[in-house]
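Chains as they are written, first to last, in the numbering used here: chain A, 613 to 934; chain B, 137 to 398.
Have a look at this one:
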């Protein structure tokens, strides 16, 4: 449904999006995950035809987003980061206007608007002026606006930003409900959101794709190592010698815990190994006190941080508007 | 066409829910009414003196009070709209950009021309709505005028106002499309209109080649013929082409937004 290949967008010397390629199949929810300024919004704007790409191609439903922009625009619904609302209009009039400019024929407008309001639970607020709605309801109007013409592709830029937890859950449910019928791309910098709502996640950092996969696969695949946390009372030097002798230890990190003789120890080993027994035996065998020991599994959050905080140019250079 | 109508309808709706349209129209009518009153009283005074003089010295200087009243009134209105139209046009694109709704329009299957024309005609309609009530003055005058109202002058005057308004609205919307700030758009439009007005005064009496060029370009100068009851095709074409240039520039400005955006 969506094919993006070698898409690049630069503003002068700043490269906001750098050689991005990915595909989205019909009915899928794709999450765009990345820190602010990573290039999520820029990529979305290129897909919607709002911005031209510097180089590369993007096709939606077989149409080139630049050369056949009108065809593409008919087939997409787009919710920018700030919902594009007219505060002085009421909900129904606004949705009718959007339906009209999206090219819905006059006889279908009423039913399409009704359907969009039904989906987003706005029916009770149809006559309310948009400026009087709460942030959560405005966001719903924004989503209703993006689906009112029943587009093949729905692009949502940070759809849950600024909402309270209850509203976030509602909006996520709403998005999940849209999938199947529509192909969805949503961007977020919140990890649980990506892992809970999306079928696949594209992690994007400084304009480049760091990883593309399902949330589950990302977790296992990128979890290159097992990690064990220990808390030990003893001599740091002696402890280091002891643990380094254990077979399979890849990385060792020892630091004192404030206001005590206790040491916080992090041991990393190859994935699939379990060093907990050996560690416990070694520490206790040397006469040190083992206070705590636990295996840590990497969360998507760790992966995200790992992927996006690698060494590289300072973030300032790529901090183009998101 | 459907796209133009959709944009036009939304635009019209937004004019009449915001107070700005009512304020501008109200102000316009108050100022117009005031000037109409001043023009009439001074003309009537003059005609009374003229009549007395003609009785004293014999030769009767026929004075066409209704004709002069209309001519003066049209001249005044053409200046008033220079000062009021910036208030109507300043928000047309600036607001849209600031609210982020430009993003909705630009990602909808609308061409830039559809957006520009829809908005342009909505603003022009509002201008007509603003102008229409002044016809009441003329209708009232026509009932008491002696000699009768020169209707030809009246209609050509209104046609001229409409054309002049068309140019000013096109310029105003273009300036509004250049900035995100309503205030900047308003002030800049006002400054440009003021310049047009001053230009007209500055070159009135000189006669170098430059002043001829400036005179030709002066928007108000072309209006003088209309207010005297002369519809010159050259003037009509001058106004229509200026309006077209304004509309075209606005379209280019919207198009360039895609490339300028950072």
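Every residue gets a Cβ at the ideal spot worked out from N, C-alpha and C, and that includes glycine. As the structure is a computational prediction, the values presented were derived from the model and not from experiment.
Local conformation of residue i per DSSP, three classes
i              : result
residue 708(A) : helix
residue 625(A) : coil
residue 876(A) : strand
residue 738(A) : coil
residue 839(A) : strand
residue 227(B) : helix
residue 329(B) : helix
residue 638(A) : coil
residue 690(A) : strand
residue 862(A) : strand
residue 791(A) : strand
residue 924(A) : Residue placement at residue 924(A) is poorly supported in this model, since its pLDDT is 41, which falls under 50; the coordinates still yield a value, given next. Residue state, collapsed to three classes: coil.
residue 631(A) : strand
residue 285(B) : coil
residue 714(A) : coil
residue 869(A) : coil
residue 138(B) : helix
residue 193(B) : helix
residue 301(B) : helix
residue 366(B) : coil
Assumed close pair residue i, residue j - CB separation to whole angstroms, cut-off 8 Å
i              : j              : result
residue 333(B) : residue 356(B) : 7 Å
residue 763(A) : residue 687(A) : 5 Å
residue 803(A) : residue 768(A) : That belief does not hold up - the Cβ atoms of residue 803(A) and residue 768(A) are roughly 17 Å apart, past 8 Å.
residue 310(B) : residue 386(B) : 5 Å
residue 236(B) : residue 694(A) : 4 Å
residue 651(A) : residue 677(A) : Contact flag wrong, Cβ pair sits at about 16 Å.
residue 379(B) : residue 306(B) : 4 Å
Backbone CA spacing between residue i and residue j [nearest angstrom]
i              : j              : result
residue 634(A) : residue 821(A) : 9 Å
residue 641(A) : residue 725(A) : 23 Å
residue 631(A) : residue 351(B) : 56 Å
residue 590(A) : residue 878(A) : Residue 590(A) cannot be examined here, being either before or after the span of chain A that is shown, 613 to 934.
residue 181(B) : residue 201(B) : 10 Å
residue 208(B) : residue 292(B) : 14 Å
residue 742(A) : residue 154(B) : 14 Å
residue 216(B) : residue 795(A) : 54 Å
residue 344(B) : residue 335(B) : 14 Å
residue 176(B) : residue 213(B) : 14 Å
residue 848(A) : residue 875(A) : 7 Å
residue 758(A) : residue 689(A) : 4 Å
residue 151(B) : residue 162(B) : 14 Å
Residue range of the beta strand (DSSP E) that includes residue i
i              : result
residue 726(A) : Looking at the DSSP string, residue 726(A) is not in any beta strand (DSSP E); the run it does join, the alpha helix (DSSP H), is 718–731.
residue 772(A) : Note, residue 772(A): premise wrong, no beta strand (DSSP E); not H, not E.
residue 824(A) : 820–825
residue 906(A) : 901–908
Chain-order list of residues whose beta-carbon lies under 6 Å from that of residue i (same chain, five-residue window excluded)
i              : result
residue 895(A) : 844 and 902
residue 258(B) : 144, 147 and 148
residue 199(B) : 183 and 186
residue 854(A) : 894 and 898
residue 391(B) : 248
residue 85(B)  : Outside the displayed span of chain B (137 to 398) sits residue 85(B), for which this structure offers no information.
Chain-order list of residues whose beta-carbon lies under 7 Å from that of residue i (same chain, five-residue window excluded)
i              : result
residue 203(B) : 286 and 289
residue 229(B) : 309, 312 and 313
residue 249(B) : 387
residue 720(A) : none
Where the alpha helix (DSSP H) containing residue i begins and where it ends
i              : result
residue 817(A) : Note, residue 817(A): premise wrong, no alpha helix (DSSP H); beta strand (DSSP E) at 812–817.
residue 657(A) : 652–660
residue 668(A) : Where residue 668(A) is concerned, there is no enclosing alpha helix (DSSP H), although the beta strand (DSSP E) it sits in stretches over 667–672.
residue 255(B) : 248–267
residue 759(A) : 747–759
residue 847(A) : Careful: residue 847(A) lies outside any alpha helix (DSSP H) and carries neither H nor E.
residue 804(A) : 803–809
Cut-off 8 Å between Cβ atoms - residues of its own chain near residue i, not counting five sequence neighbours on either side
i              : result
residue 887(A) : 838, 840, 858, 860, 861, 879 and 881
residue 870(A) : none
Chain E within 8 Å of residue i, Cβ atoms only
i              : result
residue 377(B) : This model lacks chain E altogether; the protein chains it does include are A and B.
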